[in-house]
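J.: If you want my numbering, it's the position in the sequence shown, counting the first as 1, plus 1.
Before I ask anything, let me first share the structure, which is written out below as C-alpha cells.
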Amino acid sequence: MTQVSLDISYEQTRTLILENLESSSGGQTTILYGNLAQSVVSKGIAPDPHAGDGTRHMNPQYELPQKYKAWIEDIIWDLIIEGIIRPGRGIGNANENSLPWYHISEYGRSKLGSQPPEPYDPDKYLARVKAISNDHVILAYLEESLKAFRIHCLLSSVITLGCASEKAILLLIDACENSISNPTDKADFKKKTDTISIKRKHDEFQNILRTKINQTLPSDIKENLDNYLTGLFSIIRSHRNDAGHPSGRVIEREHLYALLVTFPAYLEKIYSLIDWLSNNHI
Numbered sequence: 002m003t004q005v006s007l008d009i010s011y012e013q014t015r016t017l018i019l020e021n022l023e024s025s026s027g028g029q030t031t032i033l034y035g036n037l038a039q040s041v042v043s044k045g046i047a048p049d050p051h052a053g054d055g056t057r058h059m060n061p062q063y064e065l066p067q068k069y070k071a072w073i074e075d076i077i078w079d080l081i082i083e084g085i086i087r088p089g090r091g092i093g094n095a096n097e098n099s100l101p102w103y104h105i106s107e108y109g110r111s112k113l114g115s116q117p118p119e120p121y122d123p124d125k126y127l128a129r130v131k132a133i134s135n136d137h138v139i140l141a142y143l144e145e146s147l148k149a150f151r152i153h154c155l156l157s158s159v160i161t162l163g164c165a166s167e168k169a170i171l172l173l174i175d176a177c178e179n180s181i182s183n184p185t186d187k188a189d190f191k192k193k194t195d196t197i198s199i200k201r202k203h204d205e206f207q208n209i210l211r212t213k214i215n216q217t218l219p220s221d222i223k224e225n226l227d228n229y230l231t232g233l234f235s236i237i238r239s240h241r242n243d244a245g246h247p248s249g250r251v252i253e254r255e256h257l258y259a260l261l262v263t264f265p266a267y268l269e270k271i272y273s274l275i276d277w278l279s280n281n282h283i
C-alpha cells in the first residue's frame, strides 16, 4: 500500500469518519484506516500518490500516516461515549463482541446522515452557521458548545450556546437602534437597553417589535418569528441560567441536542430581521 500525504485537522478527520459510518452498519476500526485513505484521495483532499507514475491501478490501496490512525482510534472512543456506536458486531458472537469490531447503535442510526448538519458533524454544522453569520464571538461560543456536547459536558455546552444566542440578540438590538429614525425615540431606546440584563434588553426590543416593526415586516420574516425570538430565546436563556448557577438542574442530552439542531434556523431568523432593519427605518 502507498501512504497518502495528508494534512487535515482532527475535526475534519472526524467528519470524514462520520460520513463513512453513514453507509455502514459496522465493521472493524482497522478497515476505517483504508476507507478514510480512499476517501481523502477520491475527494481531492489528499493528492493521489499514484498520479503521474504512468501506471493504471485498477484497485489502488492507500495507507494513512500513523497520526491519523491514532486519531481514528480516539474518534471511535468518542463515538462510543456519545452512544453513536457500540463495541462488537452486535450479533451475539462472543469472538466478535468487542473492539476492534463495532456496530452502529440504534441511537446512532437515527443521528447519522440526517439533515440539516448535526452537532455530531461539527464541520458541516459550523459551515452552515458561517453561511448565516461570520461574527467571531458567535462562532467561538458555538464551536465550544459543540465540543462540550460531544463529550457529554452538557452544562458547559448549554452555557456556551446561551452566550452565542445572547450575542446574536445583542446584534439584533444594535440593528434595531440604528434603524430608529426619530432621534428622541432612538435615545429613549438606547437608554432603556443600556443594562447588563439581557432579559430587560430583550423585553424592550420585543416592545418596539410589537408596536413599530411587526406590521411592516414581509411575511417570510414574520413567519414563526415569535416562536424563535420569544420561545427559543427564552428556553436557551433559562437553561443557560440554570447551568450557570448551582441549581442542581441538568439539561437532558436530547433536549440540548434539539436546541443545537434548531439554533442555525434561529440564527437565520435573527439575521433576516437584522438585514431588514439595516435597509429600513422605523
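Even for Gly, the Cβ is constructed at its ideal location relative to N, Cα and C.
Since the structure is predicted, the reported quantities are computational estimates derived from the model, not experimental observations.
Considering only the beta carbon of each residue, do Pro123 and Leu140 sit closer than 8 Å?
T.: To locate residue 123, count along the sequence shown from 1; it is residue 122. To locate residue 140, count along the sequence shown from 1; it is residue 139. No; because the gap between Cβ atoms is not below 8 Å, this pair is not in contact.
J.: Quick check: what's the CA-CA separation for Tyr11 versus Gln216?
T.: Walking along the sequence shown from the start, residue 11 turns up at place 10. Walking along the sequence shown from the start, residue 216 turns up at place 215. Spanning the two alpha carbons is a distance of roughly 48 Å.
J.: Roughly how many angstroms lie between the CA atoms of Pro118 and Val262, to the nearest whole one?
T.: Locating residue 118 in the sequence shown gives position 117, counting from the first residue. Locating residue 262 in the sequence shown gives position 261, counting from the first residue. Looking at the two C-alpha atoms, the distance is approximately 8 Å.
J.: Please classify Pro265: does DSSP put it in a helix, a strand, or coil?
T.: As a working mapping, residue 265 is identified with position 264 in the sequence shown. Helix at Pro265.
J.: What three-state label does DSSP hand Arg90 in the structure shown?
T.: Translated into the one-based positions of the sequence shown, residue 90 becomes position 89. Reduced to three states, the DSSP call for Arg90 is coil.
J.: Take every Cβ of the segment 131-140, pair it with every Cβ of the segment 59-69, and state whether three or more of those distances are shorter than 8 Å.
T.: Touching, no, given that fewer than three Cβ pairs across the two stretches are closer than 8 Å.
J.: Go through its chain and collect everything with a Cβ distance to Trp277's Cβ below 7 Å, but skip five positions before and after it.
T.: As a first step, residue 277 is located in the sequence shown; it is residue number 276 there, counting from the start. Excluding residues within five positions, the ones whose Cβ falls inside 7 Å are Leu218 and Ile222.
J.: By the DSSP assignment, the alpha helix (DSSP H) with Tyr142 in it spans what residues?
T.: Here residue 142 refers to the residue found at position 141 of the sequence shown. Its alpha helix (DSSP H) spans residues His137 to Arg151.
J.: Just curious, the beta strand (DSSP E) that Gln108 is in, first and last residue?
T.: For the purposes of this step, residue 108 is taken as the residue at position 107 of the sequence shown. One point to set straight first is that residue 108 is Tyr, not Gln, in the sequence displayed. Here Tyr108 belongs to no beta strand (DSSP E); instead the alpha helix (DSSP H) covers Glu107 to Lys112.
J.: Taking 8 Å as the cut-off, decide whether the C-beta atoms of Ile209 and Phe190 are in contact.
T.: Residue numbering aside, residue 209 sits at position 208 when the sequence shown is read from its first letter. Residue numbering aside, residue 190 sits at position 189 when the sequence shown is read from its first letter. Contact: yes.
J.: Report all residues from its chain with a CB closer than 7 Å to the CB of Leu226; omit the five preceding and five following residues, and keep chain order.
T.: The residue you call residue 226 lines up with position 225 of the sequence shown. Cβ within range, chain order: Lys270.
J.: On the CB-based measure, 16 or more other CB atoms within 10 Å of its CB, does Lys202 come out buried or exposed?
T.: Numbered from 1 along the sequence shown, position 201 holds the residue referred to as residue 202. Flag for Lys202 reads buried.
J.: Take Glu144 and list the residues in its own chain whose beta-carbon comes closer than 8 Å to its own, dropping the five residues that flank it on each side.
T.: Stepping through the sequence shown from its first residue, residue 144 is reached at position 143. Excluding sequence neighbours, Glu144 sits near Pro123 and Leu127.
J.: For Val130 and Thr185, what's the separation of their Cα atoms in angstroms?
T.: Within the sequence shown, residue 130 is the residue found at index 129, counting from 1. Within the sequence shown, residue 185 is the residue found at index 184, counting from 1. Cα to Cα, Val130 sits roughly 36 Å from Thr185.
J.: Kindly confirm or deny that the segment 24-32 and the segment 99-115 touch, where touching means at least three C-beta pairs closer than 8 Å.
T.: These segments touch.
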